[in-house]
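Position 42, counted from 1, in the sequence shown is what UniProt numbering calls 42; the numbers after and before it change by one each time, with no gaps. Think of the CB as a built atom: it goes at the ideal place given N, C-alpha and C, for glycine as much as any other residue. None of the values given here were measured: they were computed from a predicted structure. Below you'll find the structure, written out as structure tokens, and then a few comments.
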Amino acid sequence: MEFFLRNCTSLEQLVLQCIDQLSNLEVCGPSLVLKSLDTRYSFDLKSIRVSAPNLTSLAVSTPKGLVLENVPMLVDLNILCMETKMPLKVLTLNCCFSQLEILTLRLLMHKAHDIVRSNFPEMLKLKKLTVDFSADLDESLLGLTTFIRISPNLEEFVLMIDWSEVSSWASREVNKGTPFPHQHIKVFKYLGYYGHCSDLEVVMFILENCVGLQEIIIDPAIPLVFLHEPREPDEMDYEQVGRSNAKQQLEPIIPPHITFAIQ
């Protein structure tokens with residue numbers, strides 16, 4: 001791979017998805033014109049070292065073993081965290097959050113309350129945040145709103161929830177969470193909405209705290225890690241229930257100045 005990079009001096013985009021038997025990757029050089037690097041789903045990779053002064057976009061499957069040394073132009077990061085025992089502080093050590101404008105976090109083996117204790121740094125430049133989260137039963141998701149608190153200039157927040165189970169939850173009281181007014185979020189999109197307390201309390205938190213909100217989009221479709229995976233018939237049924245619940249629960253509480261759409 002190093003030979004390839006040295007000899008392809010005009011290369012701007014490199015995609016190494018689902019590559020086996022590649023354990024160490026170095027993408028380094030002051031003369032690299034590379035702007036985009038994607039190594040997602042190459043799970044044999046143990047270490048990635050990147051020093052690329054023109055790199056603007058990076059997508060990786062784990063922060064473990066990731067070393068970013070000279071990436072002053074990096075503004076778009078997509079990172080997948082699938083390891084149950086990996087502390088989220090690894091993210092804060094290995095990633096240049098302070099310079100990011102677009103961040104996609106796929107937290108598939110964590111708890112929402114872990115976010116509160118993870119000590120993420122402030123992301124003052126962040127404009128768009130997508131959080132793809134795998135949740136258990138009726139787990140409260142209010143911990144995910146921590147990302148709003150540390151991103152004061154955020155304009156678009158996309159929440160993708162893949163519930164482990166949606167049909168056997170017990171009802172409980174809706175929690176409001178700790179108030180935190182946010183001035184800049186204009187668009188909130190919620191994928192995986194089914195209509196249980198955990199879904200509803202997140203939307204209510206956004207409505208009550210995002211004072212500049214202009215648009216809410218609800219999509220009950222269950223997010224898929226691999227886009228080619230077919231949907232099961234019961235998933236389609238859950239989506240119809242989710243649309244019905246969203247219409248019944250949310251339409252009465254959405255202020256008229258906010259555009260509301262159910263997809």
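The alpha-carbon separation between Leu213 and Asn70 amounts to approximately 36 angstroms.
DSSP places Leu37 in the strand class (E or B) of the three-state scheme. In the DSSP assignment, Cys197 falls outside any beta strand (DSSP E) and lies within the alpha helix (DSSP H) extending over 197-209. Setting aside the 5 residues that flank it on each side, Ala221 is surrounded in the same chain by Leu191, Glu239, each with a C-beta closer than 7 angstroms to its C-beta; the list follows chain order. When secondary structure is reduced to three states using DSSP, Gln183 falls in the coil class, being assigned neither helix nor strand. A distance below 8 angstroms between beta-carbons, with the five flanking residues on each side excluded, links Ala52 to the following residues of its chain, in chain order: Val27, Cys28, Gly29, Leu32, Leu34, Leu37, Asn70, Val71. Ile102: member of the beta strand (DSSP E) spanning 102-107, first to last residue. Taking Arg172 as reference, the option from Ser198, Asn78, Met73 with the minimal CA-CA separation is Ser198. Boundaries of the beta strand (DSSP E) around Ile79: 76-81. DSSP places Glu69 inside the beta strand (DSSP E), whose first and last residues are 66-70. Classified as buried, Asn209 has 16 or more neighbouring CB atoms from the shown chains inside 10 Å of its CB. Annotated three-state conformation of Arg172 is coil, per DSSP. Leaving aside the five residues that flank Ser244 on each side, none in its chain has a CB nearer than 7 angstroms to its CB.
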